[in-house]
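**Student:** One structure, pasted below without further comment.
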Amino acid sequence: MSEMMDSVYKGDCKVLHHFEALSSIPRGSGNEKAVSDFVAEFARQRGCSVVQDARHNLIIRKPASPGYESAPAVIFQGHLDMVCEKNKGTEHDFTTDPIRFRIEDDMIYAQGTTLGGDNGIAVATAMAIIDTPDMAHPELEILMTTEEETSMGGAFNLDASPLKGRMMINFDSDREGTLFVSSAGGINVYHTVPAVWKESELAGGEPFTISVTGLMGGHSGDDIIHERGNANKLLGRVLDDLRRHIRYELAGVSGGMKVNAIPREAEAAIYLDAPGRASAAERIAELNRILQDEFQASDKGVTVSLEQAFAAYSGTETPEPGQVFAEETKLAVIRLLSLIPSGVLSMDKSIANLVRTSSNLGVVTTSHTEIVLKSMARSSHRSQVDDVVRTMETLAETAGVDFRQDSYFPGWPYRSDSKLRPVFESAYAERFGKPLEIKAIHAGLECGVLIEKMPGLDAVSYGPNLYDIHTPQEHLSISSVERTWSYLQDVLRELKG
């Protein structure tokens, strides 16, 4: 386990103290054993029974408080893993190093990395529930899953038979005052270009790096509606523009870190001769002007740059000196970067400001053998997910490249007869004196997977204010966590049957 740190948060909220303790434990997707063991032992020490499976999922049972013994059991659910992203130049090993907090006014940030509020705040809230003996509540089944951020593998492989609750509070939302009651499904899609190499034929050619930087990024479901720039798509646009004006050779492309994050940075390794360098500099200056005009509202920091020598960028094996893509490989990569659908594809006409279908070209990597372009398609309608996948498969057939798909996760349908939703609404109105907003979300939640395992499950999703999740700018509102913790206790108190 990583080193423990002196507390940065000095307030009284039990949730935030537990959240800071979690920050010392590595918990990237696929690396959840340590945090699973930590939470399991924490629960056992406080008298709770624990089931821990081979995937490190946890089912923690806390008995009903006095007077609630006959009330139906309630599931409180979140996930143990987090997205691990860091700023370029930040030295941080997510397998060993703690997440280091910094506080600015009401907000908690990390230092150059993702914060892990998604979904560490659910884990911390579960720990606070376990650690509050005088709290009024029905029997609670605390379900903490793994690998949510990559494949929902924990939820998909969960044996749900020990769970008897048929009401579930998912705590993986990021908007205080909004209760989510439906979510999109999705699937990962891969286009793979076999890498055919040749010796550079450009007389006097020298290596350069084209970089696209300065983008906001964000969650590929929740933030896709903001139509922020996608670094991989913009890199494709730059490369396609340049090939129409100058001669250059391509030796590698790389961009993005997670398929469910809108990529903020992307790079290409190219060779240019002296005339090509001058022309490329002129075109890139013009493209900077165009892109900064187009994205002034969403990504005013967008920048395309040209620097001599190859950058040691992540996700790409540095090419051998003088080795470049054969022309058919170069064109296939550029065409795919240009043509793979990415962004909002359709809006839901029945719910205001809800994206129905989208796609995100999240990750591009180059190795000595292949170039892989990885996308995630999402929709609240399975038929539209299938349609996007067919479009991408047709594109692969047209381009003559390999295609595959995996990691489908189901959507979560709206339930009109929910008994849980009215309790949240009445408790919110009582505490805050205003109505609770009821919404659907375009991001994927585990509710869909768990509802398939537990037919008839009545689910809602709630949580405190989190911002810029899946990016190193992720931050969490302290006051929102404090309010949400009090509100959750109100809800649990009302679930007496």
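Per the numbering used here, residue 40 is the first one in the sequence shown, and the count goes up by one each step. Even glycine gets a Cβ: it sits at the ideal position worked out from N, Cα and C.
Relative to the alpha-carbon of residue 101, which residue among 174, 258 and 456 has its alpha-carbon at the smallest distance?
**Tutor:** With distances taken between Cα atoms, residue 101 lies closest to 174.
**Student:** Three-state secondary structure (DSSP) at residue 514?
**Tutor:** In the structure shown, residue 514 sits in a strand (DSSP, three-state: E or B).
**Student:** Using a 10 Å radius around the Cβ and a threshold of 16 neighbouring Cβ atoms, would you call residue 352 buried or exposed?
**Tutor:** With a pLDDT of 47 at residue 352, under the threshold of 50, the predicted position of this residue should be treated as unreliable, though the coordinate-derived value follows. With 16 or more Cβ atoms within 10 Å of its Cβ, residue 352 is classed as buried.
**Student:** Near residue 182, what residues of its chain come up, given a Cβ to Cβ distance below 6 Å and the 5 sequence neighbours on each side ignored?
**Tutor:** Taken in chain order, the residues that qualify are 98, 114 and 116.
**Student:** Taking the alpha carbon of residue 501 as the reference point, which residue from 222, 76, 58 and 134 has its own alpha carbon closest?
**Tutor:** Closest option to residue 501, Cα to Cα, is 222.
**Student:** In the DSSP assignment, find the beta strand (DSSP E) that holds residue 291 and state where it starts and stops.
**Tutor:** Looking at the DSSP string, the run of the beta strand (DSSP E) that includes residue 291 is 288–294.
**Student:** Can you give me the C-alpha to C-alpha distance between residue 405 and residue 227, rounded to a whole angstrom?
**Tutor:** Answer to the nearest angstrom: the Cα atoms are 18 Å apart.
**Student:** On the DSSP bridge assignment, give the partners of residue 545 in chain order.
**Tutor:** Beyond the ends of the chain as shown, which are 40 and 536, falls residue 545; an answer cannot be given.
**Student:** Any idea what DSSP makes of residue 50, helix, strand or coil?
**Tutor:** Here residue 50 sits in coil by DSSP.
**Student:** Classify residue 310 as helix, strand or coil using the three-state DSSP reduction.
**Tutor:** Correct three-state label for residue 310: strand.
**Student:** For the region 115–202, which segments carrying the alpha helix (DSSP H) assignment without a break, of at least 4 residues, lie completely within its bounds, in sequence order?
**Tutor:** Within the region 115–202, the complete alpha helix (DSSP H) runs of at least 4 residues are 156–169 and 192–195.
**Student:** One question on the structure: do residue 259 and residue 415 come within less than 8 Å of each other, judged by their Cβ atoms?
**Tutor:** Taking 8 Å as the Cβ cut-off, residue 259 and residue 415 qualify as a contacting pair.
**Student:** Roughly how many angstroms separate the alpha carbons of residue 205 and residue 388, rounded to a whole number?
**Tutor:** Roughly 31 Å between the two C-alpha positions.
**Student:** Identify which residue in 291, 305, 292 and 241 has its Cα closest to the Cα of residue 269.
**Tutor:** Of the listed residues, the one whose Cα sits closest to residue 269 is 305.
**Student:** Give the DSSP bridge partners of residue 385, in chain order.
**Tutor:** DSSP, once it has assigned bridges, lists 396 as partnering residue 385.
**Student:** Buried or exposed: residue 42, going by 16 or more other Cβ atoms within 10 Å of its Cβ?
**Tutor:** In this predicted model, residue 42 has a pLDDT of only 44, less than 50, meaning its place in the structure is not dependable; the value taken from the coordinates is given anyway. Exposed: under 16 other Cβ atoms inside 10 Å.
**Student:** Measure from the alpha carbon of residue 296 to the alpha carbon of each residue in 110, 535, 536 and 124, then state which is nearest.
**Tutor:** The candidate whose alpha carbon is nearest that of residue 296 is 124.
**Student:** How about residue 515: is its Cβ closer than 7 Å to a heavy atom in the ligand ATP?
**Tutor:** This structure does not include the ligand ATP; it has no bound ligands of any sort.
**Student:** Could you compute how far the alpha carbon of residue 540 sits from the alpha carbon of residue 358?
**Tutor:** Here the chain comprises residues numbered 40 to 536, so residue 540 is not present and cannot be evaluated.
**Student:** Can you name, in chain order, every residue of its own chain whose Cβ lies under 7 Å from the Cβ of residue 484, other than the five neighbours on each side?
**Tutor:** These residues qualify, in order along the chain: 209, 211, 222, 451 and 500.
**Student:** So residue 149 and residue 513 are supposed to be a Cβ contact under 8 Å. How far apart are they, rounded?
**Tutor:** With 8 Å as the limit, residue 149 and residue 513 qualify as a contact, their Cβ atoms being about 7 Å apart.
**Student:** Short check: CB of residue 252 to CB of residue 342, under 8 Å?
**Tutor:** Yes, they are a contact pair.
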